[in-house]
Amino acid sequence: MGRRNSLGTGQRSRRQSLRASTVYGAVPAVLAGAYAIGTWNDGGRGPMLLLAAVMTGFALAGWALAGRIARTRWWIVIQTAAAIVNLAGAAALGLLDGGVAGPLGTFVPLSVVLLAIVVPPRAFLLPAAAGALAYASLVIFGETPPAAGYPLVHALGFACVAVLCLRHSAVLASLRRRLADSSRTDPLTGCLNRRGFDERAAAALTEAERTGRPLTVILLDLDRFKEVNDTLGHRAGDELLAWTGQELRAELRAHDVVGRQGGDEFAVLLPNTGAEAAALVVDRLRERLRTCAPASLGHATFPADATGLTGLVHVADQRLYRDKASRDRCAPSAEAVAGARTGVRSASPARSVAALERRRHSIADPGWMSITQTCVAMLYIALFANDHPHRAGMVALSVWGFLTGLAVVARADWLSRSRLARPLMLAFAASSFLSCAAVATLDGGVDQPLGVGVLLSIPLLVLGMRPEVTAPIAVVAGGVWMLVGVLVGDPGGWYLAIQLLGTATAAVACAVQGRAAARQRRMLTRLSRVDVLTEVLNRRGFDERFAAEVADARRTGRGAALMVLDLDDFKTVNDTQGHAAGDQLLRWVALTLRADVDAVGRLGGDEFVALVDDGTDPFAVADRLRTRLAARTGASIGVAVLDVDGDDFDSLYAVADARLYQQKKPRKRYAHR
1 MGRRNSLGTG QRSRRQSLRA STVYGAVPAV LAGAYAIGTW NDGGRGPMLL LAAVMTGFAL
61 AGWALAGRIA RTRWWIVIQT AAAIVNLAGA AALGLLDGGV AGPLGTFVPL SVVLLAIVVP
121 PRAFLLPAAA GALAYASLVI FGETPPAAGY PLVHALGFAC VAVLCLRHSA VLASLRRRLA
181 DSSRTDPLTG CLNRRGFDER AAAALTEAER TGRPLTVILL DLDRFKEVND TLGHRAGDEL
241 LAWTGQELRA ELRAHDVVGR QGGDEFAVLL PNTGAEAAAL VVDRLRERLR TCAPASLGHA
301 TFPADATGLT GLVHVADQRL YRDKASRDRC APSAEAVAGA RTGVRSASPA RSVAALERRR
361 HSIADPGWMS ITQTCVAMLY IALFANDHPH RAGMVALSVW GFLTGLAVVA RADWLSRSRL
421 ARPLMLAFAA SSFLSCAAVA TLDGGVDQPL GVGVLLSIPL LVLGMRPEVT APIAVVAGGV
481 WMLVGVLVGD PGGWYLAIQL LGTATAAVAC AVQGRAAARQ RRMLTRLSRV DVLTEVLNRR
541 GFDERFAAEV ADARRTGRGA ALMVLDLDDF KTVNDTQGHA AGDQLLRWVA LTLRADVDAV
601 GRLGGDEFVA LVDDGTDPFA VADRLRTRLA ARTGASIGVA VLDVDGDDFD SLYAVADARL
661 YQQKKPRKRY AHR
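Be aware that the sequence shown starts at 1, since it is given in UniProt numbering, and climbs by one per residue.
Set out below in structure tokens:
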């Protein structure tokens with residue numbers, strides 16, 4: 001099931017990317033078709049309209065076939081080839097209109113910008129090179145531009161936008177990858193969590209079915225691990241689990257998979273491993289763990305024991321319990337646990353994701369845009385505008401844009417944490433657009449080399465910031481550009497309309513891409529912080545919530561308390577009724593806790609934590625929860641009060657854990673219902 005869901009998500013994402021490429025590829029064709037009809041009396045409009053129709057048909061076919069293409073392993077190659085064809089069509093349209101300075105002359109660089117938004121970064125180089133060749137053909141074979149430096153400024157300007165859009169997309173892709181890794185990794189042991197292991201197991205089974213090679217699943221359950229927690233404390237138990245995960249990974253091959261299923265239960269996936277080889281691996285693992293973490297193990301092999309993942313797990317689970325019943329199991333000694341704890345190395349965590357990372361990049365990108373565009377402007381002024389009557393004014397405005405952009409980039413980290421970020425960025429955007437409009441006015445109008453500066457910043461601004469914030473800015477910027485076009489020079493109505501519509505298309509594409517990335521990021525952020533079984537916070541998520549709540553409590557002067565909860569004899573449920581019954585009980589406990597407490601986390605196994613604010617008596621809450629849970633299970637709950645029993649999570653946890661075990665010792669064994 002996990003594999004099908006994963007494949008479905010990947011195919012949907014690829015299909016969306018392919019369809020977006022076809023839509024953006026059709027934009028030049030649609031605009032050119034309207035332009036050809038509107039200027040029919042001018043020369044060459046028949047071929048232009050025919051080419052526009054062919055490109056539109058090509059885009060419609062790509063849209064219709066996107067689903068099939070997404071299911072092939074050649075989808076990136078096909079997308080890249082289609083992009084190159086569209087670039088060739090855009091270049092032909094530009095040549096039919098006279099070259100780079102005509103209304104259709106920006107179709108090639110605009111298409112490159114649109115491709116930078118939707119094409120995977122690793123596949124962008126080839127379309128970018130094709131775009132450069134297409135634009136060069138416009139310069140070489142088209143009519144002479146109206147001003148020296150016009151092709152250079154436009155090529156560099158659009159290239160900067162494309163590179164920054166590509167960089168932004170790469171940053172977001174990296175963020176999503178790290179969040180996805182985080183959502184599949186157990187923060188305590190560094191092994192895969194249940195979600196991650198199930199996805200890898202389903203993928204490995206699909207591969208085994210395709211190739212006919214064997215696949216083995218090993219289930220592992222530490223012997224009498226509960227006694228480690230009960231006698232030495234949860235901290236010792238946690239470090240023993242971390243040691244177990246470390247030793248399992250060290251004993252296995254690089255392509256073998258280790259996952260923590262919950263509590264003291266681990267699972268191992270051995271691709272290309274038959275039953276005989278798996279039995280040897282089981283013996284090696286048992287021997288490696290024997291001193292510090294003795295364990296019961298069971299294994300099952302595809303296709304000899306079962307042909308589905310559920311069947312393999314069931315067979316392995318049965319063999320695990322037979323192994324458990326056949327041995328005289330004993331808990332590790334305190335000395336052995338201490339030795340394991342000293343040998344624990346920090347688990348390799350999932351790649352970290354800073355909370356404000358995306359916002360910092362989104363703030364810095366407009367600054368980089370201002371820096372790059374003003375550098376292009378100053379290059380043009382230095383090479384082609386020595387005798388320009390407004391040279392000094394253009395230089396001064398360009399220097400101002402460069403310095404303000406540099407300030408935004410330098411202070412992006414501070415701005416990402418400041419409440420002043422929105423007003424300051426709005427002020428920067430207004431300054432940037434007005435400066436570009438003033439430079440365009442001094443240069444002679446929007447159809448001159450520097451006239452495109454106002455429009456170039458709009459797509460990137462929309463890509464990195466919320467549309468509800470940037471939409472008014474984009475509309476005002478477009479209006480300012482149009483006003484300059486009407487009042488200064490004589491660019492023509494079609495030039496103004498097509499440039500504005502092309503920029504609007506790029507802005508909409510950026511807005512759509514930004515919103516899709518934001519939705520995926522929110523989903524992955526939630527998955528990385530929520531326990532897959534119980535849907536309460538996992539260890540990572542609770543640590544973050546605890547830090548935020550404590551900081552808020554300190555700022556407002558209110559108190560808080562930490563509760564640590566442990567189910568009585570939960571191991572008996574798994575051993576006598578099976579892991580499915582244990583999982584169902586854990587889900588019910590989590591639901592019961594969430595009905596009474598907002599911040600609830602599962603640290604692993606049957607251990608939960610909760611944060612109680614100052615508005616309620618935490619000891620009364622603990623008594624109430626204990627009574628409610630008694631309907632199905634006994635529970636021991638320890639409470640520690642912030643700034644009375646400790647001032648951070650570790651100190652509070654130690655006190656609450658000690659109180660939990662003081663409470664647990666006199667309690668009789670509980671019969672779960």
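C-beta: ideal position from N, C-alpha, C; glycine also.
Where residue i falls: helix, strand or coil (DSSP)
i       : result
Met-563 : strand
Ser-333 : coil
Val-315 : helix
Gly-298 : strand
Arg-260 : strand
Asp-531 : coil
Glu-143 : coil
Thr-503 : helix
Leu-125 : helix
Ala-385 : coil
Ala-277 : helix
Gly-102 : coil
Ala-630 : coil
Thr-39  : coil
Leu-537 : strand
Ser-636 : strand
Leu-487 : helix
Thr-342 : helix
Thr-244 : helix
Pro-303 : coil
Thr-291 : coil
Asp-568 : coil
Ser-418 : coil
Pro-120 : coil
Any chain C beta carbon closer than 8 Å to residue i
i      : result
Arg-15 : Looking at the structure shown, chain C is missing, and only one protein chain is on hand.
Straight-line Cα distance separating residue j from residue i
i       : j       : result
Val-639 : Pro-618 : 7 Å
Asp-365 : Leu-461 : 8 Å
Arg-351 : Arg-177 : Only weak support is given to the placement of Arg-351: the predicted model assigns it a pLDDT of 49, under 50, and the question is left unresolved by the model.
Gln-513 : Val-475 : 19 Å
Gly-578 : Leu-269 : 21 Å
Leu-138 : Thr-106 : 10 Å
Gly-393 : Ala-437 : 12 Å
Gly-502 : Ala-92  : 17 Å
Val-344 : Glu-239 : 7 Å
Gln-16  : Thr-80  : 15 Å
Asn-41  : Tyr-35  : 11 Å
Gln-448 : Arg-545 : 54 Å
Ala-635 : Arg-626 : 6 Å
Leu-652 : Gln-663 : 17 Å
Leu-114 : Asn-193 : 38 Å
Pro-349 : Arg-522 : Interpretation of Pro-349 is limited by its pLDDT of 48, a score under 50 that renders its predicted location unreliable; the figure taken from the coordinates is listed afterwards. Between Pro-349 and Arg-522, the C-alpha separation is close to 20 Å.
Where the alpha helix (DSSP H) through residue i begins and ends
i       : result
Ser-398 : 391-410
Phe-608 : Counting along the chain, Phe-608 falls outside any alpha helix (DSSP H), though it belongs to the beta strand (DSSP E) covering 607-613.
Met-465 : Per DSSP, Met-465 belongs to no alpha helix (DSSP H) and is neither H nor E.
Trp-74  : Here Trp-74 belongs to no alpha helix (DSSP H), and DSSP marks it neither H nor E.
Gln-448 : Note, Gln-448: premise wrong, no alpha helix (DSSP H); not H, not E.
Arg-594 : 579-594
Asp-230 : 225-232
Terminal residues of the beta strand (DSSP E) in which residue i lies
i       : result
Asp-443 : From DSSP, Asp-443 is part of no beta strand (DSSP E) but of the alpha helix (DSSP H) over 421-443.
Arg-602 : 599-604
Residues that residue i bridges to, as DSSP identifies them
i       : result
Pro-271 : Leu-215
Arg-15  : Paired residues: none, contrary to the question.
Gly-646 : Leu-642
Ile-473 : Note: Ile-473 sits in no beta bridge, so no partner.
Phe-266 : Leu-220, Arg-260
Ser-21  : Paired residues: none, contrary to the question.
Leu-192 : Thr-185, Gly-259
* Asked: Does the stretch 563-580 come within contact of the stretch 595-611, defined as at least 3 CB pairs closer than 8 Å?
  -> yes
* To do: Give a yes or no on contact between the stretch 208-226 and the stretch 289-302, applying the rule of three or more CB pairs nearer than 8 Å.
  => yes
* To do: Report yes or no: do the stretch 492-510 and the stretch 143-150 share at least 3 C-beta pairs separated by less than 8 Å?
  => No, the stretch 492-510 does not touch the stretch 143-150.
* **Given 8 Å, three or more beta-carbon pairs between the stretch 363-379 and the stretch 406-425** => yes
* Counting Cβ pairs, one atom from each stretch, are 3 or more of them under 8 Å apart for the stretch 581-599 and the stretch 240-247? -> The stretch 581-599 makes no contact with the stretch 240-247; the number of CB pairs closer than 8 Å stays below 3.
* Can we say the stretch 267-286 touches the stretch 195-205, given the rule of at least three CB pairs closer than 8 Å? -> Judged by Cβ distances under 8 Å, the stretch 267-286 makes contact with the stretch 195-205, as three or more pairs qualify.
* contact_flag[the stretch 471-487, the stretch 377-384] where n(CB pairs < 8 Å) is 3 or more -> no
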